[in-house]
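Undergrad: Each protein sequence line maps, in turn, to chains A and B. So the first sequence is residues 1 to 232, counted in my numbering. So the second sequence is residues 233 to 464, counted in my numbering. Dumping the structure here so I can ask a few things about it.
2 protein chains.
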Amino acid sequence: MNDPDRRFSDEERAGLYRAIYERRDVRSQFLPDPIPRPVLARLLKAAHHAPSVGFMQPWDFILIDSLDVRQQVLASYNEENAKAAKNYSGERQQTYRSLKLQGIVESPMNLCITCDRSRGGTHVLGRNSIVDMDLFSTCLAVQNLWLAARAEGIGVGWVSIIDQSKLAHILNLPDNVYPLAYLCMGYVSEFLDQPELETKGWRSRLPLEELVHSNGWGVALDDEVLLEQLKK
Amino acid sequence: MNDPDRRFSDEERAGLYRAIYERRDVRSQFLPDPIPRPVLARLLKAAHHAPSVGFMQPWDFILIDSLDVRQQVLASYNEENAKAAKNYSGERQQTYRSLKLQGIVESPMNLCITCDRSRGGTHVLGRNSIVDMDLFSTCLAVQNLWLAARAEGIGVGWVSIIDQSKLAHILNLPDNVYPLAYLCMGYVSEFLDQPELETKGWRSRLPLEELVHSNGWGVALDDEVLLEQLKK
């Protein structure tokens, strides 16, 4: 039994918050050094200990170091990204084109975390009302891995500009398996102080106090003390 | 600049892993004690520092302490859960009915984390190929909060057996806002050693080494050292 009185020490707690605040979506700073196996095993175990609806554990982990496979994925990225760039015009398009949005080939390891939508049979506990709970559970595994990676000094970048059906074909996935997250992983030259999209002026961090409601949408918090804390 | 050589200390790293391994989906162990505002603020800030596609930050946080609102949510849970129980028969149904799957009224605070699907305009960077990236980002915020809560000694339970359209109605959400996660939060009498669904024999933890593939689906890892590490 984990006695709730066995509190986290200040440093343990600080370690968690440090991972949360210093985690970055890495695209440009990857180093080629391989990830040692014990470290890689710790990252995968962290992901595997995420919560999942009905203890479904719908995830699988496809480790990708083959340059051939990565180049196929990169080709899909390039195609999708060319389409995406057309969504913008003028200065905004220039900024978009200047952003590096993936490190598929520069990082030493790619990882696709998939969601097996048929795992656990027809009736998964807790998945009767919201069918996508299995996808959501898989996201929680992604975040566990992302934070553990930061604590190990490893950068992770989620590449979302990929055609998922092409990715499924490249990785030979069965029909019931969805390629939820395509991640690039590796040691880095630095972790940026702030998200790159913030420093490059793409978009700012929203004020948290404006995102908190009380008992229903649009009802402001009637709690000056909490509001002050949220602004800090 | 976060120098990658400024490594996490052993205790910082241990703190993160402890949160990952000792986090539980809490339903039965809530205590009524209120969550102090500085702690609540830290949890919300942790969620707000999750990664999001195109730095979209699509989340809002609806804090719910109104008993009236919680009882409306509980009514939707009861309705959905009665339907869900019919999916099972015999001993499995008995086990299902014996499981406590929510702590909506016993916990002192509920929190709905929503996803505003229109935030950031029509073209969110990185969301052109996978439209659900905003939902996935919101899940990452949930996991940040869940881990931070564990480090603060606070239990969190995700109630997924709710009709989302009823929940949206109860919370007065605009059409573009999806109620992604309905969470119960509070201090607990204990954190269980293992997931409750595991100890109650509902489902076992899958062997991680069987979930790891090499460069494509179904291709076994050709790395005995890593396989051994995954089994530990």
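Ideal Cβ placement from N, Cα and C applies to all residues, glycine included. Quantities reported herein were computed from a predicted structural model and do not represent experimental measurements.
Can you list, in chain order, the stretches of the alpha helix (DSSP H) that have 4 or more residues and sit fully within the segment 69–116 of chain A?
TA: The qualifying runs are 90–98.
Undergrad: Applying the criterion that 16 or more other CB atoms from any shown protein chain within 10 Å of the CB defines a buried residue, is tyrosine 253/B buried or exposed?
TA: By the 10 Å Cβ count, tyrosine 253/B comes out exposed.
Undergrad: Taking the alpha carbon of tryptophan 390/B as the reference point, which residue from Tyr414/B, Leu379/B and Tyr320/B has its own alpha carbon closest?
TA: The shortest C-alpha separation from tryptophan 390/B is found at Tyr414/B.
Undergrad: Going by C-alpha distance, which of Arg18/A, Glu12/A and Ala19/A is nearest arginine 250/B?
TA: The shortest Cα separation from arginine 250/B among Arg18/A, Glu12/A and Ala19/A belongs to Glu12/A.
Undergrad: Please identify the residue among Leu306/B, Gln426/B, Glu311/B and Trp291/B whose C-alpha is closest to the C-alpha of arginine 205/A.
TA: The shortest C-alpha separation from arginine 205/A is found at Trp291/B.
Undergrad: For serine 446/B, which beta-bridge partners are listed by DSSP?
TA: Paired residues: Leu63/A.
Undergrad: Within its chain, find whatever has a CB closer than 6 Å to the CB of methionine 233/B; leave out the 5 residues flanking it on each side and keep chain order.
TA: With a pLDDT of 47 at methionine 233/B, under the threshold of 50, the modelled position of this residue cannot be trusted; read the value that follows with caution. Cβ neighbours of methionine 233/B beyond the five flanking positions: none.
Undergrad: Starting from proline 38/A, trace the alpha helix (DSSP H) both ways and give me its first and last residue.
TA: Segment 37–48, the alpha helix (DSSP H) holding proline 38/A.
Undergrad: Which chain B residues are close to lysine 83/A, counting only those with a beta carbon under 7 Å from its beta carbon?
TA: Chain B residues near lysine 83/A: Asn360.
Undergrad: Once the 5 residues before and after glutamate 152/A are set aside, which same chain residues still bring their CB inside 6 Å of it?
TA: Same-chain partners within the cutoff: Val39.
Undergrad: When you compare the CB of valine 363/B with every CB in chain A, is at least one pair closer than 8 Å?
TA: Valine 363/B does not count as touching chain A.
Undergrad: Mind checking if isoleucine 233/A is an interface residue toward chain B, Cβ cutoff 8 Å exclusive?
TA: Because residue 233/A is not part of the residues shown, which for chain A are 1 to 232, the question remains open.
Undergrad: Taking the alpha-carbon of serine 52/A as reference, which of Asp134/A, Leu74/A, Val105/A and Ser76/A has the nearest alpha-carbon?
TA: That would be Asp134/A, whose Cα lies nearest to the Cα of serine 52/A.
Undergrad: In the DSSP output, which residue or residues are listed as bridge partners for phenylalanine 262/B?
TA: Val420/B, per the DSSP bridge assignment.
Undergrad: For alanine 181/A, does the three-state DSSP call read helix, strand or coil?
TA: Of the three classes helix, strand and coil, the one that applies to alanine 181/A here is strand, per DSSP.
Undergrad: According to DSSP, simplified to helix, strand and coil, what is aspartate 425/B?
TA: The answer is coil: DSSP assigns aspartate 425/B none of H, G, I, E or B.
Undergrad: Between which two residues does the alpha helix (DSSP H) containing glycine 157/A stretch?
TA: Taken as a continuous stretch (DSSP letters only), glycine 157/A belongs to no alpha helix (DSSP H), being part of the beta strand (DSSP E) at 154–158.
Undergrad: Name the DSSP beta bridge partners of aspartate 257/B, please?
TA: Beta-bridge pairing links aspartate 257/B to Val388/B.
Undergrad: For my contact list, leucine 295/B and valine 212/A are in at a C-beta cut-off of 8 Å; report their separation, rounded to the angstrom.
TA: Leucine 295/B to valine 212/A, Cβ: 7 Å. Contact.
Undergrad: As a quick exercise: from Leu429/B, Thr370/B, Gly450/B and Ile362/B, pick the residue whose alpha carbon is nearest that of tyrosine 328/B.
TA: Selected option, being the one with the closest Cα: Leu429/B.
Undergrad: Where does lysine 398/B fall in DSSP's three states?
TA: In the structure shown, lysine 398/B sits in a helix (DSSP, three-state: H, G or I).
Undergrad: Find out if the Cβ-Cβ distance for the pair lysine 170/A, valine 69/A is shorter than 8 Å.
TA: The sequence shown places isoleucine at residue 170/A, not lysine. The answer is yes: Cβ separation under 8 Å.
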